[in-house]
Amino acid sequence: MKKIIILMMMIASMTLAGISYSKELPAKPVQINVAPKEELMLLPGVGEKKALTIIESRSQKPILNESDLKDIKGIGEKLALQWKGSIDYSVGAVNTKK
Numbered sequence: 281m282k283k284i285i286i287l288m289m290m291i292a293s294m295t296l297a298g299i300s301y302s303k304e305l306p307a308k309p310v311q312i313n314v315a316p317k318e319e320l321m322l323l324p325g326v327g328e329k330k331a332l333t334i335i336e337s338r339s340q341k342p343i344l345n346e347s348d349l350k351d352i353k354g355i356g357e358k359l360a361l362q363w364k365g366s367i368d369y370s371v372g373a374v375n376t377k378k
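Residue numbers (this note's numbering): 281 to 378.
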């Protein structure tokens, strides 16, 4: 019985080790059309793969609204609703300090 419990704990720890998605919204809106991968990964539910998918999609055409956002593979109604108010859809250069 003790071996089974230890085995179950090991499996659970390995499964949970790969999960590192943020659960909180970023402090300021993410500029979805220009944000780097690391900034996109601040959005809840976005890991490296989904961030790269967003970057690939926006390179084809800008993401101008929630409808465009939901057209991206892996982003549906639930995530779009969760991110509401945390996405800046403006198209342009990243604001840089001078």
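The C-beta atom is built at its ideal place from N, Cα and C for all residues, glycine as well.
**Item:** Residue range of the alpha helix (DSSP H) that includes residue 348
**Value:** Here residue 348 refers to the residue found at position 68 when the sequence shown is read from its first residue. Per DSSP, residue 348 belongs to the alpha helix (DSSP H) from 346-350.
**Request:** List in chain order: all unbroken alpha helix (DSSP H) runs of 4+ residues lying wholly within the stretch 318-344.
**Result:** Qualifying alpha helix (DSSP H) stretches, in chain order: 328-340.
**Request:** Compare the Cα-Cα distances from residue 356 to each of 339, 309, 324 and report the closest residue.
**Result:** The sequence position of residue 356 within the sequence shown is 76, counting from 1. Answer by Cα proximity: 324.
**Prompt:** Closest to residue 305 by CA distance: which of 331, 353, 326 is it?
**Reply:** Here the question's residue 305 lines up with position 25 in the sequence shown. Per the Cα distances, 326.
**Message:** Which residue marks the beginning of the alpha helix (DSSP H) containing residue 315, and which one marks its end?
**Reply:** Taking the first residue of the sequence shown as position 1, residue 315 is located at position 35. Element bounds for residue 315: n/a, residue is neither H nor E.
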